[in-house]
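Below you'll find the structure, written out as structure tokens, and then a few comments.
Protein chains: 2
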Amino acid sequence: MNDVLSVIETCPLLEGLPGPAKLTLAEQARNRAYGAGEIIYPPGALQSSLCIIAHGRVRICASNIAGREAILAILDVGAWFGDTVFSPGMPRVFGATAHEDCQVFEIQGEVLRATLRDNPEAYPVALDQVSRRLWSAMSVIQDDVLRGTEARIGRRLLFLAQMHNHSGQDGNVAVSFALTRELLANMMGMTRQGVHRVLKNIEAQGLIEFAYGRVTISDPERLSQYVDRLD
Amino acid sequence: MNDVLSVIETCPLLEGLPGPAKLTLAEQARNRAYGAGEIIYPPGALQSSLCIIAHGRVRICASNIAGREAILAILDVGAWFGDTVFSPGMPRVFGATAHEDCQVFEIQGEVLRATLRDNPEAYPVALDQVSRRLWSAMSVIQDDVLRGTEARIGRRLLFLAQMHNHSGQDGNVAVSFALTRELLANMMGMTRQGVHRVLKNIEAQGLIEFAYGRVTISDPERLSQYVDRLD
DNA sequence: TACTGACTGTCAATTTGTTTACACTTGGCC
DNA sequence: GGCCAAGTGTAAACAAATTGACAGTCAGTA
Chain E
0 MNDVLSVIET CPLLEGLPGP AKLTLAEQAR NRAYGAGEII YPPGALQSSL
50 CIIAHGRVRI CASNIAGREA ILAILDVGAW FGDTVFSPGM PRVFGATAHE
100 DCQVFEIQGE VLRATLRDNP EAYPVALDQV SRRLWSAMSV IQDDVLRGTE
150 ARIGRRLLFL AQMHNHSGQD GNVAVSFALT RELLANMMGM TRQGVHRVLK
200 NIEAQGLIEF AYGRVTISDP ERLSQYVDRL D
Chain Y
0 MNDVLSVIET CPLLEGLPGP AKLTLAEQAR NRAYGAGEII YPPGALQSSL
50 CIIAHGRVRI CASNIAGREA ILAILDVGAW FGDTVFSPGM PRVFGATAHE
100 DCQVFEIQGE VLRATLRDNP EAYPVALDQV SRRLWSAMSV IQDDVLRGTE
150 ARIGRRLLFL AQMHNHSGQD GNVAVSFALT RELLANMMGM TRQGVHRVLK
200 NIEAQGLIEF AYGRVTISDP ERLSQYVDRL D
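For the record, the sequence lines run as chains E and Y.
According to numbering that gives the first Met the number 0, the first sequence is numbered sequentially starting from 0.
According to numbering that gives the first Met the number 0, the second sequence is numbered sequentially starting from 0.
So, in structure tokens, the structure goes:
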């Protein structure tokens, strides 16, 4: 998963492109490396380019005047970010920061858009993928506005578990993954202490366990049911 | 703005389609009328179709077990909803309800997708529009997670003012529009009383005035500056 | 003009989450 | 093995928003 072509080849967003077009994109992509914590672009940036992660993880985040950070997502190898490419002129809403040392391929907006124009059969997939991101965003909004902290955290945990569970197995198999309370707090727009209290409450129901930097969902199916009963 | 063709012709999402394709779509569109409060589709619905408003206004909303309603947006004539058409199989996140008596043209997902495939020059515009919706959704998320109620409400008021201000004039001209506190509360995921307190506070700064079912932004430019200084 | 339903203002009690402060683990590294 | 930074648990004081309760206002209609 490290050279340009294989990364571009497996990126879901570009799945619809024919081989030769992917090759051309690969040739025009810019290879960039970032150290942990380095800013790839800040919120509000006006550039129009698509980034695909070749190595490491990237944090999509923003912060307010008071210095509080909000993390929208932490993306892994193979994921893309910078969907504003499709609306040139719009500033980026969230910024992107290297969550750890990482390597990113950057495709200029004009290059990408031209490639798609020349290979229109790739549009349906791209449209589908962007539309799915919109779907996810709407789910987040719904959760934020409609649900209490416990339901929100529960749902987020289930979502993260799903992300980590590429293996496809689902249901009542325990899922364990690395996640600090601090990170989760930033994802939820809460404080570390607030998250802690909620987490302890969910643990008391026997639905999760948590250790240093790690959360384990004992029975995802049951957690899901529990969460659905909350408002 | 009432017959099928003119509605489809002016819908931003379909702007890229050539005339004849629009005509074909118009012929295949289903004309539906809804009484105020009637459900067009509920949250979670699995159907895949695109709706364009020909008359009246539509509320995009969801509600939790406790009965609280969250309003994502209230769309006006000419607007479209149901972006999940581009990701068939995904359930709708929010539902759609007739906010007042209204008339809606519904285009089946398969029809729309086939039309786009046959007229690929329309894709860039569609992709741009969906991407803009994603942009808006991300802005909402950022506001929800990062900002306090006062900043959130201020920003939302400015956004609503912009919606109502097709005239293009901007800056320090007062903008007035119909909006009940109750509606605003549902939009913000707050209570009527909570909104009231915040609104009174903003009013105390001389930035807005409000009357029965109506809000007036005295000086949008100044409100914008005020809001930006808050976290 | 009186009636009515939707909308509104206000306030105390209560819930909920943040702030502040401090002591304690954990795991990697020299 | 000991050091240290990052992560964690806990709790009281505090801030902010919801709840619940009630009286008042507005605009349209009979």
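Backbone N, C-alpha and C define an ideal beta-carbon position, used for all residues, glycine too.
Worksheet entry | Per-residue DSSP class, three states only, for V6(Y) | In the second sequence, counting from the first residue as 1, residue 6(Y) sits at position 7. DSSP, reduced to helix, strand and coil, places V6(Y) within a helical segment of the structure shown.
Discussion item. Quick check on DSSP: helix, strand or coil for I39(Y)?
Written reply: Residue 39(Y) sits at position 40 when you count from the first residue of the second sequence. I39(Y) sits in a strand when the DSSP states are folded into three classes.
Worksheet entry | Opening and closing residue of the beta strand (DSSP E) in which F164(Y) lies | Counted from its first residue, the second sequence places residue 164(Y) at position 165. Phe is not the amino acid found at residue 164(Y); the sequence shown has Asn there. No beta strand (DSSP E) holds N164(Y); DSSP gives it neither H nor E.
Fill in: Beta-carbon spacing of L222(E), G153(E) below 8 Å
Translated into the one-based positions of the first sequence, residue 222(E) becomes position 223. Translated into the one-based positions of the first sequence, residue 153(E) becomes position 154. Cβ atoms of L222(E) and G153(E): closer than 8 Å.
Item to complete: Keeping to the same chain, check which residues put their C-beta closer than 6 Å to that of L16(E); ignore five residues upstream and five downstream.
Response: Working through the first sequence from its first residue, we reach residue 16(E) at position 17. The residues are N118, A121.
Worksheet item: If you count every other CB in all the chains shown that lies within 10 Å of the CB of V172(E), and 16 or more means buried, which is it?
Response: For the purposes of this step, residue 172(E) is identified with residue 173 of the first sequence, where counting begins at 1. V172(E) is exposed by the Cβ-count criterion.
Worksheet entry | Inter-residue spacing [alpha-carbon to alpha-carbon] between R151(Y) and R31(Y) | For this step, residue 151(Y) is matched to residue 152 along the second sequence. For this step, residue 31(Y) is matched to residue 32 along the second sequence. R151(Y) and R31(Y): Cα-Cα distance of roughly 35 Å.
Practice prompt. List the DSSP bridge partners of A32(E).
Written response: Indexing the first sequence from 1 puts residue 32(E) at position 33. Answer is Q102(E), bridged to A32(E).
Fill in: Exposure label - H165(E); buried when at least 16 CB within 10 Å
The residue you call residue 165(E) lines up with position 166 of the first sequence. Label assigned to H165(E): exposed.
Discussion item. At the 8 Å Cβ level, is R191(Y) part of the contact set with chain E, yes or no?
Written reply: As a working mapping, residue 191(Y) is identified with position 192 in the second sequence. Interface residue (Cβ-Cβ distance to chain E less than 8 Å): R191(Y) is not classified as such.
Practice prompt. Run through the region 182 to 230 of chain E for me and flag every whole alpha helix (DSSP H) of 4 or more residues, listed as ranges in chain order.
Written response: The qualifying runs are 191 to 203, 219 to 228.
Fill in: 8 Å Cβ cutoff, L156(Y) in contact with chain E
Residue mapping note: residue 156(Y) aligns to position 157 of the second sequence, counting from 1. Output row for L156(Y): interface = no.
Worksheet item: Which stretch, first to last residue, makes up the alpha helix (DSSP H) that contains G18(E)?
Response: Walking along the first sequence from the start, residue 18(E) turns up at place 19. Counting along the chain, G18(E) sits inside the alpha helix (DSSP H) bounded by residues 18 to 27.
Discussion item. Closer than 7 Å between beta carbons: that is the criterion. Which residues of the region 76 to 110 of chain Y meet it against chain E?
Written reply: When CB distances to chain E are screened at a threshold of 7 Å, the residues of the region 76 to 110 of chain Y falling below it are D82, T83, F85, S86, M89, V92, F93, in chain order.
Worksheet item: Buried or exposed: which applies to G188(Y), given that a residue is buried once 16 or more other Cβ atoms fall within 10 Å of its Cβ?
Response: Taking the second sequence and counting its residues from 1, the one referred to as residue 188(Y) is at position 189. Answer is buried; the Cβ neighbour count reaches 16.
Item to complete: Kindly indicate if chain Y contains any beta-carbon less than 8 Å away from that of A61(E).
Response: Within the first sequence, numbered from 1, the residue matching residue 61(E) stands at position 62. Yes, its Cβ sits closer than 8 Å to a Cβ of chain Y.
Worksheet entry | Straight-line Cα distance separating K21(Y) from E7(Y) | Residue numbering aside, residue 7(Y) sits at position 8 when the second sequence is read from its first letter. Residue numbering aside, residue 21(Y) sits at position 22 when the second sequence is read from its first letter. A small fix is needed here, since residue 7(Y) is Ile in this sequence, not Glu. Near 7 Å, if we compare the C-alpha coordinates of K21(Y) and I7(Y).
Worksheet item: To the nearest angstrom, how far is it from the Cα of R56(E) to the Cα of H98(E)?
Response: In the first sequence, the residue the question calls residue 56(E) occupies position 57. In the first sequence, the residue the question calls residue 98(E) occupies position 99. The alpha-carbon atoms of R56(E) and H98(E) are separated by roughly 5 Å.
Worksheet item: Are the C-beta atoms of I73(Y) and some chain E residue less than 8 Å apart?
Response: For this step, residue 73(Y) is matched to residue 74 along the second sequence. Not one chain E Cβ lies under 8 Å of I73(Y).
Discussion item. Any beta carbon from chain E within less than 8 Å of M0(Y)'s own beta carbon?
Written reply: Numbered from its first residue, the second sequence carries residue 0(Y) at position 1. Because M0(Y) carries a pLDDT of 48, less than 50, the predicted location of this residue cannot be relied on, and no value is offered for it.
Worksheet item: With which residues is F57(Y) paired in a DSSP beta bridge?
Response: Here residue 57(Y) refers to the residue found at position 58 of the second sequence. Residue identity differs from the one stated: residue 57(Y) is Val in this sequence, not Phe. In the DSSP assignment, V57(Y) is bridged to L74(Y), A97(Y).
Item to complete: List the residues of chain E whose Cβ lies closer than 7 Å to the Cβ of A69(Y), in chain order.
Response: Against the second sequence, residue 69(Y) aligns to sequence position 70. Result: Q141, V144, L145.
Fill in: Nearest to L206(Y) (by Cα), restricted to the options R191(Y), Q192(Y), V226(Y), V194(Y)
Against the second sequence, residue 206(Y) aligns to sequence position 207. Of the candidates R191(Y), Q192(Y), V226(Y), V194(Y), the one whose C-alpha sits nearest the C-alpha of L206(Y) is V226(Y).
Fill in: Residues that G55(Y) contacts on chain E, provided the C-beta gap is smaller than 9 Å
Numbered from its first residue, the second sequence carries residue 55(Y) at position 56. The premise fails here: G55(Y) is roughly 23 Å from chain E at the closest Cβ pair, so nothing lies under 9 Å.
Worksheet item: Using a Cβ-Cβ distance under 8 Å, would L206(Y) count as near chain E?
Response: Within the second sequence, the letter at position 207 stands for residue 206(Y). The beta carbon of L206(Y) does not come within 8 Å of any beta carbon belonging to chain E, so the residue lies off that interface.
Discussion item. Counting only beta-carbon separations shorter than 8 Å, does P11(E) have a partner in chain Y?
Written reply: Walking along the first sequence from the start, residue 11(E) turns up at place 12. It does not; no Cβ of chain Y falls within 8 Å.
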